[in-house]
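Here's what the structure looks like:
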């Protein structure tokens, strides 16, 4: 189960560990359930505790972003570690996502 916190109309999801092929699909399924069944439209992924993200993790983020955009929602990423942020930069995904230094900035944006 994902660790979450609701702040007004935004759902903050706290991910941790390695977002790789063994975890990414499960995380994606849980996020889709929150969108489809609970009606969440604005999600902030707090990645402070994510130490590694594989292509499966990026694919899951892109899938969630697309699903939320179909519902006029938003996906924001916050607290990305430098090592994970470098991967975002290398594969040129920083322009695809709204990325914030911290959770407060993501909430206020």
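In the working numbering, the protein residues as written are -14 to 94. Cβ coordinates follow ideal geometry from the N, Cα and C atoms, glycine included. These figures come from a predicted structure and were not determined experimentally.
Rounded to the nearest whole angstrom, the CA to CA distance from residue -10 to residue 25 is 12 Å. Pairing residue 50 with residue 81 gives a Cβ-Cβ distance under 9 Å.
Inter-residue distance for residue 8 and residue 2 is about 9 Å (C-alpha atoms, whole angstroms). Residue 70 is not bridged by DSSP to any residue. When only Cα atoms are considered, residue 93 and residue 14 end up about 27 Å apart. The beta-bridge partner set that DSSP reports for residue -11 consists of -2.
Each residue's CA atom was taken as its position, placing residue 19 and residue 12 some 11 Å apart.
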